[in-house]
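Student:
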Amino acid sequence: MTDFDFIIVGTGPAGISAAFPLLESGKKVLLVDAGDEVSHSPPEGNYTALRFGDNDQRKWQLKSNLSVSDANRSVSPKFRTPMASVFEKFQQKYAISSEGFSAFGGLAVGGLANFWGAGVARLENSQLQFFGNPSEMNFSYDIIARRIGISGVNDDDLAVYFGNEPQLEPAVPLGKISKSLYEKYNKKRKHRPDAEFMLGRSRLAVITKDREHRKGCNNLGTCLWGCKNSAIYSPAQDIEKLKKKKGNLTFLTGAYVESIECGTSNKPTINLKNANGHISFSGKKLILAAGTLGSSKLVLQALGKIQTPLQLLSNPTAAFLLWSPKHLGYSKVNEFAMGQLSFVAKLDNKEAAFGSLFSTTGLPVSDFSNRLPFSTSQSINLARTILSSSVVGNVFLEARPSETKLSLEPDASIKVTSFRSANTLNDLRKLKKRLRVNFLKLGALLIPNSFTIGEPGSDLHYSGTFPHSKKERPLTTSENGGVFGIPNVHIVDGSVLPFLPEKSHTFTIMANADRISRQLLKKQDN
Amino acid sequence: MLAITGASGYIGSHLLDILDAQNLEYLLLSRERPLDSGLRWRYFDFESEDNFTLSNDVTALVHMACGANSRNYTPNLELSRTRQMLNYAKSKKIRFIYLSSQSAHASKKSIYAESKKEIESLVLQKEGEVIRPGFVFGGRKAGLYGSLLRITLTQPLIPKFVPSPSIDIIDVHDLCGSIVNILELPARKEREVAVGLNFPLGFNSFLRAISSDAGRKVFLPLPIPIFAVRFFNIALGTKLSDKAGLSRIMALHSTPSISKADFAKNKSFLTLSRTECFIQRHDASQRRKLLFEAKWLCGYILDELPPIHILKTYARSVEASERSVSIYMPSFMRTNLALMLVDASPKLMPASKMLSAKLQFASIICEASTSGARKFIGSTKRQCPIKAITILFVGTSKAVLTSILGATVGIFLQLFLSND
Numbered sequence: 001m002t003d004f005d006f007i008i009v010g011t012g013p014a015g016i017s018a019a020f021p022l023l024e025s026g027k028k029v030l031l032v033d034a035g036d037e038v039s040h041s042p043p044e045g046n047y048t049a050l051r052f053g054d055n056d057q058r059k060w061q062l063k064s065n066l067s068v069s070d071a072n073r074s075v076s077p078k079f080r081t082p083m084a085s086v087f088e089k090f091q092q093k094y095a096i097s098s099e100g101f102s103a104f105g106g107l108a109v110g111g112l113a114n115f116w117g118a119g120v121a122r123l124e125n126s127q128l129q130f131f132g133n134p135s136e137m138n139f140s141y142d143i144i145a146r147r148i149g150i151s152g153v154n155d156d157d158l159a160v161y162f163g164n165e166p167q168l169e170p171a172v173p174l175g176k177i178s179k180s181l182y183e184k185y186n187k188k189r190k191h192r193p194d195a196e197f198m199l200g201r202s203r204l205a206v207i208t209k210d211r212e213h214r215k216g217c218n219n220l221g222t223c224l225w226g227c228k229n230s231a232i233y234s235p236a237q238d239i240e241k242l243k244k245k246k247g248n249l250t251f252l253t254g255a256y257v258e259s260i261e262c263g264t265s266n267k268p269t270i271n272l273k274n275a276n277g278h279i280s281f282s283g284k285k286l287i288l289a290a291g292t293l294g295s296s297k298l299v300l301q302a303l304g305k306i307q308t309p310l311q312l313l314s315n316p317t318a319a320f321l322l323w324s325p326k327h328l329g330y331s332k333v334n335e336f337a338m339g340q341l342s343f344v345a346k347l348d349n350k351e352a353a354f355g356s357l358f359s360t361t362g363l364p365v366s367d368f369s370n371r372l373p374f375s376t377s378q379s380i381n382l383a384r385t386i387l388s389s390s391v392v393g394n395v396f397l398e399a400r401p402s403e404t405k406l407s408l409e410p411d412a413s414i415k416v417t418s419f420r421s422a423n424t425l426n427d428l429r430k431l432k433k434r435l436r437v438n439f440l441k442l443g444a445l446l447i448p449n450s451f452t453i454g455e456p457g458s459d460l461h462y463s464g465t466f467p468h469s470k471k472e473r474p475l476t477t478s479e480n481g482g483v484f485g486i487p488n489v490h491i492v493d494g495s496v497l498p499f500l501p502e503k504s505h506t507f508t509i510m511a512n513a514d515r516i517s518r519q520l521l522k523k524q525d526n
Numbered sequence: 001m002l003a004i005t006g007a008s009g010y011i012g013s014h015l016l017d018i019l020d021a022q023n024l025e026y027l028l029l030s031r032e033r034p035l036d037s038g039l040r041w042r043y044f045d046f047e048s049e050d051n052f053t054l055s056n057d058v059t060a061l062v063h064m065a066c067g068a069n070s071r072n073y074t075p076n077l078e079l080s081r082t083r084q085m086l087n088y089a090k091s092k093k094i095r096f097i098y099l100s101s102q103s104a105h106a107s108k109k110s111i112y113a114e115s116k117k118e119i120e121s122l123v124l125q126k127e128g129e130v131i132r133p134g135f136v137f138g139g140r141k142a143g144l145y146g147s148l149l150r151i152t153l154t155q156p157l158i159p160k161f162v163p164s165p166s167i168d169i170i171d172v173h174d175l176c177g178s179i180v181n182i183l184e185l186p187a188r189k190e191r192e193v194a195v196g197l198n199f200p201l202g203f204n205s206f207l208r209a210i211s212s213d214a215g216r217k218v219f220l221p222l223p224i225p226i227f228a229v230r231f232f233n234i235a236l237g238t239k240l241s242d243k244a245g246l247s248r249i250m251a252l253h254s255t256p257s258i259s260k261a262d263f264a265k266n267k268s269f270l271t272l273s274r275t276e277c278f279i280q281r282h283d284a285s286q287r288r289k290l291l292f293e294a295k296w297l298c299g300y301i302l303d304e305l306p307p308i309h310i311l312k313t314y315a316r317s318v319e320a321s322e323r324s325v326s327i328y329m330p331s332f333m334r335t336n337l338a339l340m341l342v343d344a345s346p347k348l349m350p351a352s353k354m355l356s357a358k359l360q361f362a363s364i365i366c367e368a369s370t371s372g373a374r375k376f377i378g379s380t381k382r383q384c385p386i387k388a389i390t391i392l393f394v395g396t397s398k399a400v401l402t403s404i405l406g407a408t409v410g411i412f413l414q415l416f417l418s419n420d
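Those sequence lines, one after another, are chains A and B. Residue 160 in this note's numbering sits at position 160 of the first sequence; the count goes up by one each step and never skips. Residue 357 in this note's numbering sits at position 357 of the second sequence; the count goes up by one each step and never skips.
(1) Within 9 Å of any Cβ in chain B, is that where the Cβ of Gly-329 of chain A sits?
(2) Measure the C-alpha to C-alpha separation of Leu-328 of chain A and Ser-317 of chain B and round it to an integer number of angstroms.
(3) Name the residues in the region 339-364 of chain B whose C-beta lies less than 7 Å from a C-beta of chain A; which are they?
(4) Let me see if you follow: with CB-CB separation under 9 Å, is Phe-412 of chain B close to chain A or not?
(5) Please confirm if Thr-269 of chain A has its CB atom under 9 Å from at least one CB of chain B.
(6) Determine, using beta carbons only, whether Phe-343 of chain A and Gly-362 of chain A come nearer to each other than 9 Å.
(7) Quick check on the burial criterion: 16 or more other C-beta atoms within 10 angstroms. Buried or exposed for Thr-275 of chain B?
(8) I want to verify the contact list: residues of chain B whose CB lies under 7 Å from the CB of Leu-66 of chain A, in sequence order.
(9) Reducing DSSP to helix, strand and coil, say where Trp-323 of chain A ends up.
(10) Which residues in the same chain have their Cβ closer than 7 Å to the Cβ of Gln-167 of chain A, if we skip the five residues on either side of it in sequence?
(11) Can you look up Ser-268 of chain B in the DSSP assignment and give me helix, strand or coil?
(12) List the DSSP bridge partners of Thr-250 of chain A.
(13) Would a C-beta distance cut-off of 9 Å place Leu-30 of chain A and Ile-7 of chain A closer than the cut-off?
(14) Using a Cβ-Cβ distance cut-off of 9 Å, determine whether Asp-303 of chain B contacts chain A.
(15) Going by the DSSP bridge assignment, what does His-63 of chain B pair with across the sheet?
(16) Does the Cβ of Val-160 of chain A have 16 or more other Cβ atoms within 10 Å, making it buried, or fewer, making it exposed?
(17) Which residues does DSSP pair with Cys-262 of chain A in a beta bridge?
(18) Using DSSP bridges, identify the partner residues of Ser-98 of chain A.
(19) Check this for me: beta carbons of Gly-110 of chain A and Thr-222 of chain A, under 9 Å apart or not?
(20) Just mark Asp-427 of chain A as buried or exposed, buried being the case when its beta carbon has 16 or more other beta carbons within 10 Å.
(21) Give me the subset of the region 372-395 of chain B whose CB atoms are less than 9 Å from a CB atom of chain A, sorted by chain position.
(22) Going by the DSSP bridge assignment, what does Asp-3 of chain A pair with across the sheet?
(23) For chain E, find out if any of its Cβ atoms is closer than 9 Å to the Cβ of Gly-53 of chain A; answer yes or no.
(24) Just the Cα atoms here: how many angstroms apart are Ile-414 of chain A and Asn-315 of chain A?
(25) Which chain B residues are close to Ala-337 of chain A, counting only those with a beta carbon under 8 Å from its beta carbon?
(26) What is the DSSP secondary structure of Pro-235 of chain A, reduced to helix, strand or coil?
(27) Under three-state DSSP, which class holds Asp-57 of chain B?
(28) Can you give me the Cβ contacts of Ile-258 of chain B inside the same chain, cut-off strictly under 6 Å, excluding the 5 residues immediately before and after it?
(29) Name the chain B residues that come within less than 8 Å of Ala-71 of chain A, Cβ to Cβ?
(30) With a Cβ-Cβ cutoff of 9 Å, do Leu-497 of chain A and Pro-448 of chain A count as a contact?
(31) Taking just the CA atoms, how far does Phe-219 of chain B sit from Leu-207 of chain B?
(32) What are the residues of the region 283-302 of chain B that lie near chain A, defined by any Cβ-Cβ distance shorter than 8 Å?
(33) Identify, in the order they occur along the chain, each residue of the same chain with its Cβ nearer than 8 Å to the Cβ of Arg-515 of chain A, setting aside the five sequence neighbours on each side.
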């Protein structure tokens with residue numbers, strides 16, 4: 001058993017962000033991940049050339065164990081790519097059962113960020129009161145932004161909503177349909193600004209200029225299957241950087257943490273299993289960043305809280321298809337396949353909904369044709385014609401507490417139960433109407449019946465099982481992620497979010513992990 | 001020592017072969033004394049009102065006699081006699097194993113399945129054990145297997161049920177081997193064991209496979225729609241349709257498969273080598289059928305002959321999926337037009353629902369290919385807007401028209417579909 005200053009469990013966005021300040025200050029850190037390094041390599045070349053020329057394209061498009069039932073599930077096409085093995089291993093290892101909830105977790109270096117849509121947004125100062133001093137969070141936001149690289153614009157209607165980013169790279173070029181929508185929106189708002197519906201360029205963790213080992217986005221269009229340029233940020237890219245820092249890093253992959261405990265003199269210990277068997281490690285502090293489901297399981301086990309339901313926050317979400325009739329006849333061209341434009345729509349109760357619009361270039365046509373009420377062959381022909389003149393949208397509402405619960409069962413499995421309340425469904429229906437009206441003004445038609453409400457969890461947006469709390473309450477964490485009841489154990493991932501906003505939250509999780517690490521270092525120095 | 005009822009039956013006679021081969025002692029319980037006077041025997045009859053007793057050296061009782069074979073059979077008679085046996089076994093601490101059937105859990109039961117189900121619950125209530133085999137085949141030409149084989153070998157046409165039921169099968173030697181294995185194990189907490197290979201096989205394929213093993217070379221099918229069997233089953237009434245075997249066919253249709261979890265739990269002490277060998281021998285034809293199915297469905301989606309790698313991917317993936325049976329459609333209907341009409345119709349039959357799921361799956365596989373790019377992306381050149389509007393208008397009109405035709409002609413064509 002070796003002693004470490006810090007043990008970090010998980011190499012997702014939170015784990016990696018927490019590791020940087022610790023290693024920069026020369027600490028001895030053990031970084032543990034249950035998965036393996038992602039072996040899947042992204043396709044080389046641009047999307048259309050690969051589609052028409054690569055006879056082996058099945059290998060990068062579809063996972064090898066694809067089954068008939070995979071075709072009928074209404075989840076993202078990402079779940080059918082070779083990268084989906086990350087999820088499957090997670091479900092096997094963590095023994096998760098769920099009702100009305102798609103419980104996914106990432107068991108690979110980089111965690112769930114391997115599937116990240118790369119959306120970046122800062123919380124407003126008023127929302128940061130749960131995260132210690134807002135200036136500390138803003139400092140951490142700046143640090144993370146410099147490290148991951150963010151592109152977008154600082155002068156359109158959504159710039160304030162995303163928060164001011166001092167070092168923005170130029171935004172990814174817009175596709176023809178998005179460009180037309182954006183121009184029309186900007187033209188209209190000059191005459192009649194509308195606070196109820198705002199459209200702007202997406203703010204993304206995607207670089208457009210080359211830096212170190214990453215190349216700027218050059219619109220290959222293969223984003224769904226991984227970026228050959230590494231233009232889209234992934235925490236796995238930072239492992240090598242971490243190894244070069246001043247501190248002493250021990251990096252263990254394929255090591256599944258089975259339990260944590262607080263040993264003698266309040267020293268936390270992790271018990272893990274890897275290919276060589278069972279090993280234990282202890283450190284002065286333990287930082288949990290195993291993802292909301294993984295960290296919650298470890299902490300509930302350590303606290304001995306069996307069948308104690310915790311709230312799990314999950315964004316209500318929907319997806320839809322926007323058709324721009326004036327672009328009918330356009331052909332598919334290679335363009336950036338993640339969010340190009342984003343929008344904020346206000347509901348009657350002033351609650352905001354946030355969403356993004358994506359090019360359909362890199363998306364499988366069968367995902368759309370399989371939902372049309374006609375024969376397969378004719379549906380493909382129709383979907384093909386419509387899709388080349390359409391964009392796809394997704395939209396999120398702030399998570400409603402009490403809709404989803406998580407508990408640890410006596411057999412050590414995790415059970416997640418979820419439902420969408422009538423209010424939530426009603427809000428989503430109103431939202432659909434609002435979007436239809438606003439996009440119609442921009443010349444795009446929200447295709448009837450394309451507005452599909454996602455099953456809770458299927459968007460991978462969930463958090464908040466051990467929220468930060470100013471007062472010491474059971475099953476919460478301090479401002480520094482300290483778990484009440486287990487000394488020297490801190491959670492830094494999504495579990496500690498006190499609320500789950502409609503806007504992208506991964507950037508906030510990363511900044512919060514960075515902030516907590518800095519606070520822990522400060523306390524140690526004192 | 002082991003006592004056995006029903007040892008002269010199809011399964012019982014094979015069990016005795018194994019017991020003899022292993023020099024295990026047993027006591028036969030039957031109405032008639034066996035011809036071999038060296039065997040230990042005791043009189044046993046469902047209709048007898050004598051007290052049920054056994055010699056003191058009996059430690060286990062395997063009950064596989066079926067009361068329905070008695071002349072004056074009533075379900076109550078069998079139930080009360082079994083209760084008597086169970087009470088005796090319990091009082092003398094004799095292990096009681098009842099051989100039931102997977103069809104006891106069918107949603108549409110025959111009189112046979114009904115009585116099996118009732119006895120099962122009685123056995124479990126009295127701390128006995130239940131062995132529940134799938135469809136038993138192989139060995140001597142007796143039992144239901146023997147009757148089926150006789151029909152398939154003597155009739156000019158082989159019945160082809162439309163749609164075909166899926167069955168879990170077990171070779172009679174494997175079943176008896178498994179019974180002996182279970183007897184050698186101590187009594188388990190879980191007192192129900194499903195014995196069969198977790199590999200759903202189409203009943204039509206099964207009939208063809210056993211008749212081919214028995215030497216039949218020509219297979220002319222006689223399509224029998226299940227709805228017709230259902231109609232006669234209701235029209236003839238319970239007793240007559242039981243005699244005609246119709247209720248057994250309906251029960252086959254609604255018998256649940258052995259669950260993957262149950263199979264994994266029991267696999268270690270089951271003997272399955274002969275059944276696996278049977279599946280392997282005939283699996284090649286199953287793979288061939290899936291390749292034909294892939295050619296048929298993917299050809300329809302791509303509007304061209306699909307490349308072999310698409311067919312192989314499709315067949316492999318379907319084989320690995322839970323419902324790995326192929327879809328059967330008579331060859332005269334295997335045209336893109338017929339398939340399009342069925343595809344555009346409301347899916348009412350289980351086989352057409354499966355076809356719909358498989359078409360969605362085939363779309364995903366086809367799309368991930370260069371042929372798929374031609375169909376799913378089309379031209380990379382910009383089209384003239386008027387041409388694009390025309391394509392959209394004509395395409396939508398055709399699709400609506402096909403849906404109308406599908407709702408009439410397509411529904412009728414669905415009757416010819418079955419899982420094979």
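Cβ coordinates follow ideal geometry from the N, Cα and C atoms, glycine included. Just so you know, these numbers come straight off a predicted model, no measurement behind them.
Tutor: Let's see:
(1) yes
(2) 36 Å
(3) Met-340, Asp-343, Ala-344, Ala-357, Lys-358, Leu-359, Gln-360, Phe-361, Ser-363 and Ile-364
(4) no
(5) no
(6) no
(7) buried
(8) Ser-317
(9) strand
(10) Ala-145 and Arg-146
(11) helix
(12) A:Leu-30
(13) yes
(14) yes
(15) B:Thr-5 and B:Tyr-98
(16) exposed
(17) A:Pro-268
(18) A:Val-416
(19) no
(20) buried
(21) Gly-372, Ala-373, Arg-374, Lys-375, Phe-376, Ile-377, Gly-378, Ser-379, Thr-380, Lys-381, Arg-382, Gln-383, Cys-384, Pro-385, Ile-386, Lys-387, Ala-388, Ile-389, Ile-391, Leu-392 and Gly-395
(22) A:Ser-282
(23) The chain labelled as chain E is not found among the protein chains of the depicted structure, namely A and B.
(24) 20 Å
(25) Here the premise fails: no neighbours, minimum Cβ distance about 14 Å.
(26) helix
(27) coil
(28) Asp-168, Ala-194, Gly-196 and Asn-198
(29) Ala-357, Gln-360, Phe-361, Ser-363 and Ile-364
(30) no
(31) 10 Å
(32) Tyr-300 and Ile-301
(33) Phe-131, Gly-132, Glu-136, Met-137, Phe-139 and Ser-140
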